[in-house]
Amino acid sequence: MRTFTTAFCLAVLVLSARGQRTSAAAHIQLSFPQGDYKSADPKAGVGIRFNVLRRIMDESPFSVGAEFGYMVRGSNTKYFDIYYGGYYDTYKISASNNIMSLAFKARADLLPKERPVLIFVETTIGANLFFSSASIERETYYGNSQYVDGDNSKGYWAFTWGPGVGVEIPVDKRKQAAIVVKGSYLFGARTTYLSDPYIDGNSGAVFFNQNESKTDMILAELGVRFTFPSKRR
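So the sequence shown is residues 614 to 846, counted in my numbering.
In structure tokens form, the structure reads like this:
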């Protein structure tokens, strides 16, 4: 998996360099578990997703690129008042289940770019890292929080791939900015992951349930894309 991560970082650097018509996008993502994954842990996930794509040629409908995503699937928070040194301090304990995604993408536009709306299909091939986290923060007198301590569980990787379809609606005359609506079905390999974070109301101890299943999911995304035309010589 370290080799895959290195290849992903190199791909981002190459795609960000000079070349034909590069674009970057930021999306809000919602995930909906399917099959065995839904039976084990039906909670939906919410997070963000970024990608960088580049057309193979200026006028080509085909693009390739790389993508990074992060989402939270279930969380819990509790507050505790602790008496220390003659004062009461309030502490917040939080726990969450998370997924970090790294992927390569290939996209094909189905309509000429002159059309007012663009329809595209794409393929995603990558990996998801499943891990959970817990943290302790002290609530200050001024209403903000000070980080005290935290930790992450062991992470488990799962291979993922699948098709997607989307619509882009340009918002400027040069079509360099667009609103994107997209849906994907991602097949996920079998892996181990934690779910259902629980914080004991007396001790503050954090507990999770451990599951193992395939990790198929549907992704729904809404975001914006910015295109950077090549410099003509």
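Even for Gly, the Cβ is constructed at its ideal location relative to N, Cα and C.
Keep in mind that this is a model prediction, so the values were computed, not measured.
Handout entry: Cβ neighbour criterion (16 or more within 10 Å) applied to A839
Key = To locate residue 839, count along the sequence shown from 1; it is residue 226. Rather than Ala, the amino acid found at residue 839 in this sequence is Phe. That one is exposed.
Problem - Own chain residues within Cβ distance below 7 angstroms of S826, not counting five before or after - result: Numbered from its first residue, the sequence shown carries residue 826 at position 213. The residues are D649, Y650, A653 and R803.
Handout entry: Rounded separation between Y692 and V794 - CA only
Key = Along the sequence shown, read from residue 1 onward, the residue named residue 692 stands at position 79. Along the sequence shown, read from residue 1 onward, the residue named residue 794 stands at position 181. One C-alpha to the other measures close to 38 angstroms.
Handout entry: Three-state class that DSSP yields for D694 in the structure shown
Key = Translated into the one-based positions of the sequence shown, residue 694 becomes position 81. In the displayed model, D694 falls within a strand according to three-state DSSP.
Problem - Between the CA atoms of A833 and Y769 - distance to the nearest angstrom - result: Reading the sequence shown from its first residue, position 156 is the one you call residue 769. Reading the sequence shown from its first residue, position 220 is the one you call residue 833. Their Cα atoms are separated by approximately 23 angstroms.
Problem - Cβ neighbour criterion (16 or more within 10 Å) applied to Y701 - result: Looking up residue 701 in the sequence shown gives position 88. Its Cβ having fewer than 16 others within 10 Å, Y701 is exposed.
Practice task
Please specify which runs of the beta strand (DSSP E), each continuous and at least 3 residues long, are wholly inside the stretch 753-829, giving them in chain order.
Solution key: The stretch 753-829 contains these whole beta strand (DSSP E) runs: 758-765, 769-783, 790-801, 804-812 and 819-826.
Practice task
Determine the extent of the alpha helix (DSSP H) in which D649 is found, giving its start and end residues.
Solution key: To locate residue 649, count along the sequence shown from 1; it is residue 36. For D649, the enclosing alpha helix (DSSP H) starts and ends at G648 to A653.
Problem - Own chain, CB closer than 6 angstroms to S748, minus 5 neighbours either side, in chain order - result: Locating residue 748 in the sequence shown gives position 135, counting from the first residue. Once the five neighbours on either side are set aside, the close Cβ partners of S748 are S707 and G763.
Exercise for the section: Taking 8 angstroms as the cut-off, decide whether the C-beta atoms of V734 and P776 are in contact. Expected result: Walking along the sequence shown from the start, residue 734 turns up at place 121. Walking along the sequence shown from the start, residue 776 turns up at place 163. The answer is yes: Cβ separation under 8 angstroms.
Problem - Sequence-distant residues of the same chain with beta carbon closer than 7 angstroms to I782, five excluded per side - result: Taking the first residue of the sequence shown as position 1, residue 782 is located at position 169. The beta carbon of I782 lies closer than 7 angstroms to those of V730, A791 and I792 in the same chain, with the five residues before and after it left out.
Problem - Neighbourhood of Y760 by C-beta, 6 angstroms cutoff - its chain only, sequence neighbours within 5 removed - result: Position 147 of the sequence shown, counting from 1, holds the residue named residue 760. Correct list, in chain order: E750.
Exercise for the section: Below 6 angstroms CB to CB, which residues in the same chain sit around E680 once its five sequence neighbours on both sides are set aside? Expected result: Residue numbering aside, residue 680 sits at position 67 when the sequence shown is read from its first letter. N664, A716 and K718, listed in sequence order.
Exercise for the section: In the DSSP assignment, find the beta strand (DSSP E) that holds S714 and state where it starts and stops. Expected result: Your numbering for residue 714 matches position 101 in the sequence shown. For S714, the enclosing beta strand (DSSP E) has its first and last residue at Y700 to D722.
Practice task
State the Cα-Cα distance for the pair F772 and V659, rounded to the nearest angstrom.
Solution key: As a working mapping, residue 772 is identified with position 159 in the sequence shown. As a working mapping, residue 659 is identified with position 46 in the sequence shown. Going by the C-alpha atoms only, they are around 20 angstroms apart.
Practice task
State the Cα-Cα distance for the pair S758 and T690, rounded to the nearest angstrom.
Solution key: Along the sequence shown, read from residue 1 onward, the residue named residue 758 stands at position 145. Along the sequence shown, read from residue 1 onward, the residue named residue 690 stands at position 77. The straight-line gap from Cα to Cα measures roughly 14 angstroms.
Handout entry: Backbone secondary structure at V730 - three-state DSSP
Key = Within the sequence shown, the letter at position 117 stands for residue 730. Judged by DSSP in its simplified three-state form, V730 adopts coil rather than helix or strand.
Handout entry: Helix, strand or coil at I661 [DSSP, three-state]
Key = As a working note, residue 661 is residue 48 in the sequence shown. Three-state result, I661: strand.
Practice task
Classify R634 as helix, strand or coil using the three-state DSSP reduction.
Solution key: Along the sequence shown, one-based indexing puts residue 634 at 21. In this structure, R634 counts as coil in the three-state DSSP scheme.
Practice task
Check whether the Cβ atoms of F743 and N765 sit closer than 8 angstroms, and answer yes or no.
Solution key: Along the sequence shown, one-based indexing puts residue 743 at 130. Along the sequence shown, one-based indexing puts residue 765 at 152. No, Cβ-Cβ distance for F743 and N765 is not below 8 angstroms.
Exercise for the section: Give the DSSP-derived three-state secondary structure of E735 in the structure shown. Expected result: Here residue 735 corresponds to residue number 122 of the sequence shown, with the count starting at 1. It is a strand residue.
Practice task
Within the same chain, show all residues whose beta-carbon is closer than 8 angstroms to that of I661, passing over the 5 residues directly before and after it, in chain order.
Solution key: In the sequence shown, residue 661 corresponds to position 48, counting from 1. Excluding sequence positions up to five before and after I661, its CB lies within less than 8 angstroms of the CB of A639, H640, I641, Q642, G682, Y683 and M684, all in the same chain and listed in chain order.
Handout entry: Residues bridged to G836 (per DSSP)
Key = For this step, residue 836 is matched to residue 223 along the sequence shown. H640 and V793, per the DSSP bridge assignment.
Exercise for the section: With DSSP collapsed to three states, give me the class of E750. Expected result: Mapped onto the sequence shown, residue 750 falls at position 137. If DSSP states are grouped into helix, strand and coil, E750 belongs with the strands.
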